[in-house]
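Enquirer: Residue numbers (my numbering), protein chains in the order written: chain E, 54 to 181; chain F, 8 to 274.
Just so it is clear, CB atoms sit at the ideal spot from N, CA and C, and this is done for glycine as well.
This structure is in structure tokens; I'll ask about it shortly.
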């Protein structure tokens, strides 16, 4: 089984490609990998304990997970939410809004934020 | 077509390029040479049309984009004092630049004056911009005034979407203070802002996202996001309101403009 860090590592591999081959399509892929790495990391973290998405819920599972986290007032969780929301916003843009240009520094920024969340803000816990 | 650009036509071209075409992708912010060229052209136009609010606000905007806020403020003050001659686009642009520099009182007043002065607004771009402006300054009465104006022309009713989001969290009595606190916490970093309102393609829910462009490294930008949220959480705790959902009822974020890409050193 792969881990969220494997997904983040794939993003880094793409990010480290020579600039001339780091096409906009790849930059969009990088942002998507960063988001899913961060999302799965948080999903398996202790902070997600007690969270369960019901199929009948009136919202998508990603949004309902974020809403669950927002019940917390722990500073590190708040930081994690802000990072995840940033990544989610650009993941949606990267996947759906093809007319809005994704520049190179944005892909780099997304990787740094995902890495920060996973290694510094909320490192993996025993249940991860 | 004349080989020499007419001042008004050039002003309009620059205004549109600064406030419309580049708004979404924030592309202009990354293009130091083009910003410098716009600044130079606008300085020439200002000599020809010293009382043109469009020129003043455009020049102020490109200076702020380049991190030259001190130079921009007198231009904004001049545009403010000349606003009786401003067009609708000038008004909305001036209000938006005041939001960037954190003067929400002036931005709010401009929005209110715009609604009063141009009683019938039938331009969809102006209506959307105005609705966004009222949301960002937390002006519920103006959103309520705008909503029927928008409904009357059968246009997408952004004012209603903002009002619904605010009401869903019970934040109507707090939204003005909420927005003021964010802007106080992040000043003087922003050099641009953009409000996005869209339906999430995956879950069909409205998403409100306010992006502030800042010229600093990603870690400083993240700290500004955290700082704003912490301030809000403290505020809601003091009000006896569950802090997390209220403080983060919409998404605001800092988009980093790396100094090396703008051709300017980080201040």
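Could you tell me whether the Cβ of residue 216 of chain F comes closer than 8 Å to any Cβ of chain E?
Expert: Chain E contact via Cβ: present.
Enquirer: List, in chain order, every chain E residue whose beta-carbon is nearer than 7 Å to that of residue 176 of chain F.
Expert: Those do not exist, as residue 176 of chain F stays about 11 Å from chain E at its closest Cβ, beyond 7 Å.
Enquirer: Quick check on the DSSP output: the alpha helix (DSSP H) that includes residue 59 of chain F runs from which residue to which?
Expert: No alpha helix (DSSP H) holds residue 59 of chain F; DSSP gives it neither H nor E.
Enquirer: What would DSSP say about residue 99 of chain F, mapped onto helix, strand or coil?
Expert: Helix.
Enquirer: For the beta strand (DSSP E) containing residue 221 of chain F, name the first residue and the last one.
Expert: From DSSP, the beta strand (DSSP E) with residue 221 of chain F extends over 213 to 221.
Enquirer: With a cut-off of 8 Å on the beta carbons, I'd call residue 149 of chain F and residue 170 of chain F a contact; round off their distance for me.
Expert: Actually they are not in contact, since the Cβ atoms of residue 149 of chain F and residue 170 of chain F sit about 11 Å apart, beyond 8 Å.
Enquirer: Anything in the segment 111 to 135 of chain F with a Cβ closer than 7 Å to a Cβ of chain E? List those residues in chain order, please.
Expert: Of all residues in the segment 111 to 135 of chain F, none has a Cβ within less than 7 Å of some Cβ in chain E.
Enquirer: Grab me the residues of residue 113 of chain F's own chain with a C-beta within less than 6 Å of its C-beta, minus the 5 sequence neighbours each way, in chain order.
Expert: Excluding sequence neighbours, residue 113 of chain F sits near 105.
Enquirer: When the Cα atoms are used, what is the spatial distance from residue 88 of chain E to residue 251 of chain F?
Expert: Straight-line Cα distance between these residues: approximately 21 Å.
Enquirer: Tell me the rounded alpha-carbon separation between residue 113 of chain E and residue 56 of chain F.
Expert: Whole-angstrom Cα-Cα distance: 53 Å.
Enquirer: What are the start and end residues of the beta strand (DSSP E) that includes residue 204 of chain F?
Expert: Segment 197 to 206, the beta strand (DSSP E) holding residue 204 of chain F.
Enquirer: Evaluate residue 61 of chain F with the Cβ neighbour count: other Cβ atoms within 10 Å of its Cβ, from every protein chain shown; 16 or more gives buried, anything less gives exposed.
Expert: Answer is buried; the Cβ neighbour count reaches 16.
Enquirer: Give the range of the alpha helix (DSSP H) segment to which residue 242 of chain F is assigned.
Expert: Residue 242 of chain F -> alpha helix (DSSP H) spans 225 to 245.
Enquirer: Does the CB of residue 80 of chain E have a neighbour CB from chain F at under 8 Å?
Expert: Taking Cβ atoms only, chain F never reaches closer than 8 Å to residue 80 of chain E, which makes this a no.
Enquirer: So, is residue 68 of chain E buried or exposed, given that buried needs 16 or more other C-beta atoms within 10 angstroms?
Expert: It is buried - the Cβ of residue 68 of chain E has at least 16 other Cβ atoms within 10 Å.
Enquirer: So residue 262 of chain F is in the beta strand (DSSP E); what residue range does that whole segment cover?
Expert: Run containing residue 262 of chain F: 258 to 263, per the beta strand (DSSP E) assignment.
Enquirer: Run through chain F and tell me which residues come within less than 7 Å of residue 165 of chain E, C-beta to C-beta.
Expert: Residues of chain F passing the Cβ test: 225.
Enquirer: Evaluate residue 47 of chain F with the Cβ neighbour count: other Cβ atoms within 10 Å of its Cβ, from every protein chain shown; 16 or more gives buried, anything less gives exposed.
Expert: Looking at its Cβ environment, which holds fewer than 16 other Cβ atoms inside 10 Å, residue 47 of chain F is exposed.
Enquirer: Are there three or more Cβ pairs, one per stretch, closer than 8 Å when the segment 132 to 147 of chain E is compared with the segment 54 to 66 of chain E?
Expert: Too few Cβ pairs lie closer than 8 Å, so no.
Enquirer: May I ask you to verify whether the segment 238 to 249 of chain F touches the segment 139 to 150 of chain E, counting CB pairs closer than 8 Å and requiring at least 3?
Expert: With a cut-off of 8 Å, the segment 139 to 150 of chain E and the segment 238 to 249 of chain F do not count as touching, because too few Cβ pairs lie within range.
Enquirer: Let's test the definition: count the other Cβ atoms within 10 Å of the Cβ of residue 279 of chain F and tell me whether it reaches 16, buried, or not, exposed.
Expert: Not covered by the structure: residue 279 of chain F. The range shown for chain F is 8 to 274.
Enquirer: Let me confirm a value: residue 149 of chain E is counted as buried when at least 16 other C-beta atoms fall within 10 Å, else exposed. Which label applies?
Expert: Its Cβ having fewer than 16 others within 10 Å, residue 149 of chain E is exposed.
Enquirer: According to the Cβ coordinates, are residue 175 of chain E and residue 121 of chain E closer than 8 Å?
Expert: Result no, Cβ atoms of residue 175 of chain E and residue 121 of chain E do not sit closer than 8 Å.
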